[in-house]
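K.L.:
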Amino acid sequence: MTATATEPVTTSSSDPRDGKAVVLYDGACPFCTMSIRFLKKLDWFGSLHPQNCRDTKNLPPCDEPLVPKRLIEEMHVVTPDRKQAFAGFRAFRWMSWKLPALWTIAPLLYVPGVPWLGQKIYLWIAANRFKLVPCKDGVCTVPGR
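Heads up, the sequence shown is in the numbering used here, so the first residue is 1 and it goes up one at a time.
Shown next, in the form of structure tokens:
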């Protein structure tokens, strides 16, 4: 059956990111990929779409610029409306509201002092992630500042 000029044409998007927040992570980092596997287990409603940030040709559109070097340094989350991108602790805090297992701690992530401390801890983990879960044959690296 073919569509005529009076029949509506339906299209469906094949982009698995549609309607989901995109979690950009370093796909060459064993710690990051392990964290994403854990995150998928917590994403009961399928509201997040993990994506390797090293695939720069397929980064999601976003009103805020996505800088590839920064994406490797810190995990980023691009909101479903593609208007905002959060990095590091702020990304974790944003995701905590989307993951039912974290709903109980989500409000605590806004207590004065917690964002500052959370970002410091996040940056320490990010800087030391290759020591926490060693790279296979030393093939993963973070570009120098």
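Don't be surprised by glycine CBs; every beta carbon is placed ideally from N, CA and C.
1) First and last residue of the alpha helix (DSSP H) that includes Ala106?
2) Looking only at its chain, what residues have a beta carbon closer than 6 angstroms to the beta carbon of Arg90, apart from the 5 residues adjacent to it on each side?
3) My guess is that Thr79 and Ala21 are in contact by the Cβ rule of under 8 angstroms, so how many angstroms apart are they, rounded?
4) Which residues in the same chain have their Cβ closer than 6 angstroms to the Cβ of Val23, if we skip the five residues on either side of it in sequence?
5) Shorter than 8 angstroms, the distance from the beta carbon of Leu48 to the closest heavy atom of the ligand NAP, or not?
6) In three-state terms, what does DSSP make of Val114?
7) Taking all protein chains shown into account, decide if Met189 is buried (16 or more other Cβ within 10 angstroms of its Cβ) or exposed.
8) Given Gln84, which residues of its chain have a CB within under 8 angstroms of its CB, disregarding the five upstream and five downstream residues?
9) So Ala87 is in the alpha helix (DSSP H); what residue range does that whole segment cover?
10) Determine the contact status of Gly27 and Arg54, defining contact as a CB-CB distance below 9 angstroms.
11) Mark Tyr122 as exposed unless 16 or more other C-beta atoms lie within 10 angstroms of its C-beta, in which case mark it buried.
12) Please report how far the alpha carbon of Pro112 lies from the alpha carbon of Arg93, in whole angstroms.
13) Looking at Leu39: is its Cβ nearer than 9 angstroms to the Cβ of Leu108?
P.N.:
In this structure, then:
1) Neither: Ala106 is in no alpha helix (DSSP H) and is coded neither H nor E.
2) Excluding positions up to five away in sequence, the list is empty.
3) That belief holds up - the Cβ atoms of Thr79 and Ala21 are roughly 6 angstroms apart, short of 8 angstroms.
4) Around Val23: Leu48, Pro50, Val77.
5) As presented, the structure is devoid of all ligands, the ligand NAP included, so that no description of it is given.
6) Helix at Val114.
7) Here the chain has residues from 1 to 145 only, and residue 189 is not among them.
8) By the criterion of a C-beta distance shorter than 8 angstroms, Gln84 is surrounded in its chain by Cys62, Asp63, Glu64, Val78, once the five residues flanking it on both sides are discounted.
9) For Ala87, there is no enclosing alpha helix (DSSP H); the residue is part of the beta strand (DSSP E) that begins and ends at 85-87.
10) Cβ distance < 9 angstroms, so Gly27 and Arg54 count as in contact.
11) Buried is the call here.
12) Spanning the two alpha carbons is a distance of roughly 14 angstroms.
13) For the pair Leu39 and Leu108, the CB atoms are not nearer than the 9 angstroms cut-off.
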